[in-house]
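Student: Below is the structure I would like to discuss, written out as structure tokens.
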Amino acid sequence: MANLHVIDHPLIQHKISLMRDKNTGTKEFRELVSETAMLICYEATRDLPLKGIEMETPLCMAKTKIVSGHKLAFVPILRAGLGMIEGVTSLVPAAKIGHIGIFRDPQTHNSVKYYCKLPDDIAERDVILVDPMLATGNTACAAVTELKKIGVKNIKFMCILSSPEGASHLIKTHPDVDIYCGTMDEGLNDDKYIIPGLGDAGDRIFGTK
Ligand code: URA
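Just so you know, we're using numbering that gives the first Met the number 0 here: the sequence shown kicks off at 0 and counts up by one.
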């Protein structure tokens, strides 16, 4: 069964409050998304396996540990997920990055895939999908389905804001996918925007509105 991790660290809550403010401009918003993504990623990678190694320090031999196991890939869901990539790769610089483009049909709210470019060895990697907003969950579910189709076995989903509807849709559809989010908001409005939310994350990251 999937685990829902709401990472309610004070710094994350503070940064999300600044992101919610409609007066926060593009530059600051983009920085906040990146910083918050890095903080959530710290928790999403908490269970990475380690292996013991020996290493020579300037003073003596040391038994120490390094990350082992499967390699990681981050997959942003276009386009808002791109805003989280700088933050997460600052923690895991060797991770590969794939891209999935899915948009929400504004009438039906169904997800429509228009782009998919993934590393060749994606099926051997653990994947963290990133999208700032888990709203209806349709896009997240479609992205996970796409990754599973090509053989990815270990998938986590990282977002900054989630709605209860989106989280429960993703958990029901993909119970093996753990969710990491910065906060759980109240719900969705009639246009399926998260309430109170922060508006359209893509527009605010890229300054398109
Ligand atoms: N996508 C957004 O950018 N914002 C929402 O509130 C919901 C989906």
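Don't be surprised by glycine CBs; every beta carbon is placed ideally from N, CA and C.
In chain order, what residues place their C-beta within less than 6 Å of a heavy atom belonging to the ligand URA?
Tutor: Result (chain order): 79, 132, 134, 192, 193, 196, 199, 200, 201.
Student: Could you check what DSSP says for residue 14 in three-state terms: helix, strand or coil?
Tutor: In the structure shown, residue 14 sits in a helix (DSSP, three-state: H, G or I).
Student: Contact between the region 149 to 168 and the region 176 to 188 is defined here as three or more beta-carbon pairs at a separation below 8 Å; is this criterion met?
Tutor: Enough Cβ pairs lie closer than 8 Å, so yes.
Student: Could you pull out every residue in the same chain whose Cβ sits closer than 7 Å to the Cβ of residue 154, ignoring the five residues on either side in sequence?
Tutor: Excluding sequence neighbours, residue 154 sits near 126, 128, 143, 146, 176.
Student: Do residue 121 and residue 97 have their CB atoms nearer than 8 Å?
Tutor: Yes, the Cβ-Cβ distance between residue 121 and residue 97 is below 8 Å.
Student: Of all the options 136, 115, 134, which has the alpha carbon lying nearest to the alpha carbon of residue 148?
Tutor: Out of 136, 115, 134, 115 has the C-alpha closest to the C-alpha of residue 148.
Student: Once you ignore the five residues that flank residue 95 on each side, which residues in its own chain have a CB closer than 6 Å to its CB?
Tutor: Result list for residue 95: 72, 118, in chain order.
Student: In whole angstroms, give me the CA-to-CA distance for residue 7 and residue 47.
Tutor: The straight-line gap from Cα to Cα measures roughly 21 Å.
Student: How many Å lie between residue 203 and residue 25 at the Cα?
Tutor: The alpha-carbon atoms of residue 203 and residue 25 are separated by roughly 6 Å.
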